[in-house]
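Down below is the structure, laid out as structure tokens.
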Amino acid sequence: AIIAFNDTLKFPLQYMTQVSIDLAKDEELLQLFYEARMTKVFIGIETPRKASLQETNKHQNARTDLVADVKKIQSYNIGVSAGMIVGFDHDDPAIFQEQFDFIMETDIAWAMTGILQAVPKTPLYERLKKENRLDLSTKSFELNNTALDVNIIPKNMTKEELVHGYTWLLRQLYSYENYAKRVIGNIKAYTKAPAIKFYVPKVTQFKIIFRTLRYYLLTLDSKRRKFSWDILKYTLLHKPFALYDVMVHLVSFKHLHSYVYEYLEDAVNQKAAQFAVWEHSLSERAGCIVSTQTGKIYEELRKQAAAASAQAAAVYDELCKQSTATSQHARGRYEELHQQAAVLRAQTAAVYEELLERAPSASQQAASRYDDLRAHVAKLSQQIAATYEDLSQQAAALSQQAAGVSKHVAAGYQELANQATLARNKAAALGEELKKTMHLSSIQVARER
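Be aware that the sequence shown starts at 1, since it is given in the UniProt record's numbering, and climbs by one per residue.
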């Protein structure tokens, strides 16, 4: 019907439609498309990565040779425009180079490349919501998938890597050099003769052609001039029947190049500026929070330090009291032992005098009294040693307690230990003095015998 309709027109129309990659498998339909002047088709190729195609249920794309299929469609003088997506769960930072290589190899001039977005009330949205991989702070995802407000959290790369890789891919695709290669490669793949004969364009079409040529050729931008001239030269020399298609590509490129290198650049800069403002605001808020928390922590530590200081003072006072009591007890015990020693010396002296008086007749009795006295001295020495040991243990225990409280307390209990040592030394000296007295008494008794 379209073929017949075009035959009735003075200026036949060109058409564009959307199909699946399965079109490449139907040569009859391809021929009909060619005859009906179906000069452009849009195909949702999505990605060259097989795992991502399986993930999105694009099984017809995963089980075929995408490059060969695209070339097959182009051979019928049908230009291919493709929808491409980055950001699938199986995508990683290497996907951007893969996408670029695939688009360049297939000579797809119009690659409508976007970032995966999760639209509310879709299975993708619900799945990512359950996985906590939605960024609900974004605003533009409901409007288009070329915005930099990405509402997904990628699985195998960071969100920043996704946006950076996406902008890099667009800049590569729509540079002068790479776009020219794809346009020339696209029309080079045309193998059919023109479907209809040449006709003189309308006035409005002439105006479009003139403005386009003026924009590309009458400019001081050498890159722009070379870009357009390379395409026009190849077309006029090899495929002049494709001039209309080439002019369409040149007109669209003006928009695509401006979008990528002007609008997108501004959008990236705005994002960077917004991030800088957000970062500064966050830094100020964090500073306030830290300052407030620091004040609270300082106050809490100050209270804890005051409580610990009061507790230490109480322990110190208690230890001082115990130290004083122990010192008084030690002095009391020392005085008691000193008195006992004095009494013992007096008894020894008395015994000695008595021995001198009764030596001739009481040597045996003196020896017995000497043995009793020596036993008594030994017992007294044991009591002195036991008392000293007890005092030393008490002083050591108190000294260990005092060591964790204050250096002053430790010094005080060191003094107590010194006093205990002094008491021990004095007790030992007293014991030695008693032993010497008993020894002298023994010698004297022996002489008297």
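Built from N, CA and C at the ideal position, the CB exists for glycine as well. Keep in mind the model is a prediction, meaning the values are calculated, not measured.
Backbone secondary structure at residue i - three-state DSSP
i, result
"Thr-39", "strand"
"Ser-81", "strand"
"Phe-11", "coil"
"Ile-184", "helix"
"Ile-152", "strand"
"Leu-136", "coil"
"Asn-178", "helix"
"Lys-121", "coil"
"Phe-5", "helix"
"Leu-220", "coil"
"Asn-61", "helix"
"Arg-49", "coil"
"Glu-335", "helix"
"Ile-108", "coil"
"Asp-390", "helix"
"Ala-346", "helix"
"Pro-93", "coil"
"Glu-131", "coil"
"Pro-194", "coil"
"Ser-258", "helix"
"Lys-321", "helix"
"Thr-167", "helix"
"Ser-228", "helix"
"Thr-204", "helix"
"Tyr-34", "helix"
"Ala-375", "helix"
"Lys-239", "coil"
"Ser-75", "coil"
"Met-247", "helix"
"Asp-101", "helix"
Contact check, residue i vs residue j, beta carbons under 9 Å
i, j, result
"Arg-171", "Val-260", "yes"
"residue 452", "Gly-44", "Absent from the structure is residue 452, since the part of the chain shown begins at 1 and ends at 449."
"Val-163", "Ile-231", "no"
"Ile-115", "Asp-69", "no"
"residue 451", "Met-38", "Residue 451 lies beyond the residue range present for the chain, which begins at 1 and ends at 449; the question has no answer from this structure."
"Pro-93", "Glu-161", "yes"
"Ala-117", "Leu-169", "This sequence places Gln at residue 117; Ala is not what is there. Cβ atoms of Gln-117 and Leu-169: not closer than 9 Å."
"Thr-212", "Met-247", "yes"
"Ala-189", "Phe-227", "no"
"Tyr-176", "Lys-223", "yes"
"Ile-187", "Asp-245", "yes"
"Val-19", "Val-41", "yes"
"Asp-101", "Pro-48", "yes"
"Leu-264", "Thr-122", "no"
"Tyr-215", "Lys-155", "no"
"Asn-77", "Lys-192", "yes"
"Trp-229", "Leu-217", "yes"
"Phe-11", "Lys-202", "yes"
Cross-strand partners of residue i (DSSP beta bridge)
i, result
"Gln-18", "Phe-42"
"Val-86", "Ile-115"
Own chain partners of residue i with C-beta closer than 6 Å, once the 5 adjacent residues on each side are dropped
i, result
"His-257", "Tyr-174"
"Asp-317", "none"
"Leu-243", "Thr-235"
"Arg-63", "none"
"Ser-137", "none"
"Pro-194", "Phe-241"
Own chain partners of residue i with C-beta closer than 7 Å, once the 5 adjacent residues on each side are dropped
i, result
"Asn-178", "Met-104, Gln-172"
"Ala-51", "His-90"
"Gln-14", "Arg-37, Thr-39"
"Lys-239", "Ile-187, Tyr-190"
"Thr-17", "Met-38, Val-41"
beta-carbon residue i near the ligand SAM non-hydrogen atom, thresh 8 Å
i, result
"Asn-178", "Inclusion of the ligand SAM in the displayed structure is not the case, the ligand content being empty and no account of it being possible."
Close-in-space but distant-in-sequence residues of the same chain around residue i (CB under 8 Å, 5 per side omitted)
i, result
"Ala-310", "none"
"Gly-165", "Val-86, Pro-93, Ile-95, Phe-96, Met-157"
"Asp-26", "none"
"Leu-53", "Glu-46, Thr-47, His-59, Asn-61, Ala-62"
- Item | Touching by the beta-carbon criterion (3+ pairs, under 8 Å), the segment 48-64 and the segment 32-40 | No contact exists between the segment 48-64 and the segment 32-40.
- Query: For the 8 Å Cβ check, are there 3 or more pairs between the segment 100-112 and the segment 125-138?
  - Reply: No, the segment 100-112 does not touch the segment 125-138.
- Message: Three Cβ pairs or more, each shorter than 8 Å: is that satisfied between the segment 66-73 and the segment 122-129?
- Response: Contact between the segment 66-73 and the segment 122-129 is absent, because fewer than three Cβ pairs lie under 8 Å.
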